[in-house]
Each structure stands twice: as structure tokens, then as C-alpha cells.
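Read through the structure below, which is laid out as C-alpha cells, and then see the notes.
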Amino acid sequence: MGVLIPIHSIGSTLLLCLLLSSSHGLFTRTTCSGDECVQQKETGAWCYVPKSGETALLDCKGSQSDLQSVMNVHLAQDLSIAYYNGVGNSRFGGASWPVPANVGVVRLCVSGYAGDGTLQTLCVNVNADNSISGSPYCEIADGPHVVSDGCYTFKPTFTPVTQTTTNPPPPSSINSPSSTTPSTTSPSSSSSSSSSSSSTTSSQTSSSPSPSPTETSSNSNSSSNSLNNLKAIGVPIIVCIIGVIGAIFVKRWIRETSQNQAAAAGHHLPMLPLGFEPWPPQSPPPQPTFYGIGPFGGQ
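Under mature numbering (1 follows the signal peptide of the UniProt record, and there is no 0), the letters of the sequence shown match residues -25 to -1, 1 to 274, in that order.
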């Protein structure tokens, strides 16, 4: 016994398949909105190419504030082109996701690099395939930093920070005739050329750094250290020289004293201080006188 299938069930199934096949939402052709396009690359991926030199990037505020939440979700995921549910911002799929009819609010976010190197992201409400135009929409200068569809490689950019400095004007502005700052070193009666030369000299002189207290203290410490080193070396040398000279004199004094003592002991003379002679001078001992009778009877 065969299974009977109602004819109306078969008809409903065929109709559903026909609707699904006719409502494929993936991009099938180059789609543009003004100068911004979604086009297919050589690899087969559909990628977004924004307008170069865009100066009117909206920040999803005001009437576009409804798209701020889906923009945040898109920046945190890994597809350059993605469809999102308008309620809850859940992601439906990428560039190949079909957009069914009467599905409700569908939001499309596309990201890519423009020809001038700026990364841009556009979020917009759509209700059909091959469409990147709608309302509301917003566009910012940013995008997902990592994408898995191969549309681009993130290139970080750095914005230079302008700082206000208080540096003195360059010498050219000081020497110019329109300068109103008088030179403090040039005489008032000098000519304009002498004034310019004096101003340049004054500027160069004033720009020379004066010695800091640290440098002065360092120089004083160096001088003090040199003097201390000289004292530490010179004083012992002087003491040694004085000691040697004193030792020589003491040795000489001892020797002369010993000689005087020996001389005094040999002549039974009292020991005199060094360098003194006895007074009155000692005469030699008297010679004996001999008395006798001579041949002439005299003595």
C-alpha cells in the first residue's frame, strides 16, 4: 500500500523552493552608491571600495544614532561585509547571505580602504539584494582590524600631535628689519647693518648656556679634591726630607761628640762643648834647666 501525499502539500513545498531560489541576497554584480562601490576581486570575494578624500564622514549621532549599536558590533567582528538583524544586532551572514522578503529590518555594514589609504565603514538599512543605499545610514573612518574574507589587511595610521612651544624666534626673524625687539648689546647710534650684526652676536651670546650650579659645584669639588690629593702626597714627602736632614745632623753631632770625648780623655782635659777651645791656651810643659861648670868657670 503506497503512501498518499496531499497535492496541496506538494504545491506549498514547490512554491517555497521557488521563493527561496528567487530571493538570493548575495552580491551578484558591482553595486555602487555614488562613488562608493562593492565589487568582486580576482579571488572571488566581494569587497567594499569607499570614496577617496571623503570629508563628510558622519559619526552615527543625531538622526543616525540608531546605527551606532550595530556599528559597534560590526567593528568587533571579522567580516568586511556583513548583514545584521535590526532587532538585537545579531549577524545574519556575510556578502553571500540572501536577504529574504519581508524579513523585517536588515542592516548592512561594509568596510574597506579607499584609494587615499583611509579605512571607512558604512552602515545602512537595506531591503533588497545588491544594494548599499538606504536610510538612515552613517559612515566613520574605521573598520574591523582583522577580516577573514581577504578584502584588506589592516594598516595602522598615526596622527601627528601638534604641540605649542615657547622657543625663541629663529635668527632670521631677529635680524629682519621688521623685528621690533631691540638688541640690548648694540648701541643706539649704530647703523642698521651694525645693529643687525650686533643683534646676531647678542642672540648667539644669549643662547650660550650659562654654567649651572651643579657644574660650579662640580668644579669646586674637583679643585678641593686636587688640593687634598696634593696635601696627602706632599706632606709625607716633606716630613721624610726633614727626617733625613735631621738624622744627618744628629749622626754628625754624635760623631763629633765622641771625638771630643776621646781627645779630652787623652790630654786629661775637661770635655768642652763642640767648637770651643780651652782658654787660656795650654802652654807646653816647662823644659828642665841644667846647671854646670864650664871650661871657663861660668855657668
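Just so it is clear, CB atoms sit at the ideal spot from N, CA and C, and this is done for glycine as well.
Just so we're clear, the structure is a prediction, and the values are computed from it rather than from any experiment.
Strand pairing of residue i, partner residues [DSSP]
i: residue 70; result: Answer is none; residue 70 lacks a bridge partner.
i: residue 21; result: 15
i: residue 231; result: DSSP, once it has assigned bridges, lists no residue as partnering residue 231.
i: residue 132; result: In the DSSP output, where bridge partners are listed per residue, residue 132 has none listed.
i: residue 7; result: 12
Segment limits, beta strand (DSSP E) that includes residue i
i: residue 15; result: 11 to 15
i: residue 87; result: 81 to 88
i: residue 96; result: 94 to 101
i: residue 56; result: 56 to 60
i: residue 115; result: 112 to 115
Residue range of the alpha helix (DSSP H) that includes residue i
i: residue 43; result: 43 to 50
Counted within 10 angstroms of its Cβ, other Cβ atoms place residue i as buried (16 or more) or exposed
i: residue 82; result: buried
i: residue 229; result: exposed
i: residue 211; result: exposed
i: residue 225; result: exposed
i: residue 131; result: exposed
i: residue 69; result: buried
i: residue 27; result: exposed
i: residue 97; result: buried
i: residue 86; result: buried
i: residue 216; result: exposed
i: residue 56; result: buried
i: residue 121; result: exposed
i: residue 24; result: buried
i: residue 219; result: exposed
i: residue 22; result: buried
Own chain residues within Cβ distance below 8 Å of residue i, not counting five before or after
i: residue 51; result: 119
i: residue 214; result: none
i: residue 18; result: 125
i: residue 3; result: 104, 105
i: residue 65; result: 59
i: residue 163; result: For residue 163, the predicted structure reports a pLDDT of 43, less than 50, and the residue's modelled location is therefore unreliable. A value from the coordinates is still provided. No residues qualify anywhere along the chain.
8 Å contact criterion, which residue i and residue j should meet: CB distance rounded
i: residue 113; j: residue 33; result: 4 Å
i: residue 277; j: residue 93; result: It is not possible to answer for residue 277, since the shown part of the chain is limited to -25 through 274.
i: residue 35; j: residue 115; result: 7 Å
i: residue 275; j: residue 45; result: Only positions -25 to 274 of the chain appear in this structure, which leaves residue 275 out of reach.
i: residue 99; j: residue 80; result: Rounded, the Cβ-Cβ distance is 11 Å, inconsistent with contact.
i: residue 49; j: residue 84; result: 4 Å
i: residue 101; j: residue 90; result: Between residue 90 and residue 101 the Cβ distance is about 25 Å, and since that is not below 8 Å, they are no contact.
Any C-beta of chain C under 8 Å from that of residue i
i: residue 101; result: Reference to chain C is not applicable here, since this structure consists of a single protein chain.
Close beta carbons around residue i, own chain, < 7 Å, minus the five adjacent residues each side
i: residue 41; result: 111
i: residue 117; result: 50, 94, 96
i: residue 38; result: 111
i: residue 47; result: none
Same chain, Cβ closer than 6 Å to residue i, neighbours up to 5 away in sequence not counted
i: residue 88; result: 94, 127
i: residue 15; result: 21
i: residue 207; result: none
i: residue 123; result: 53
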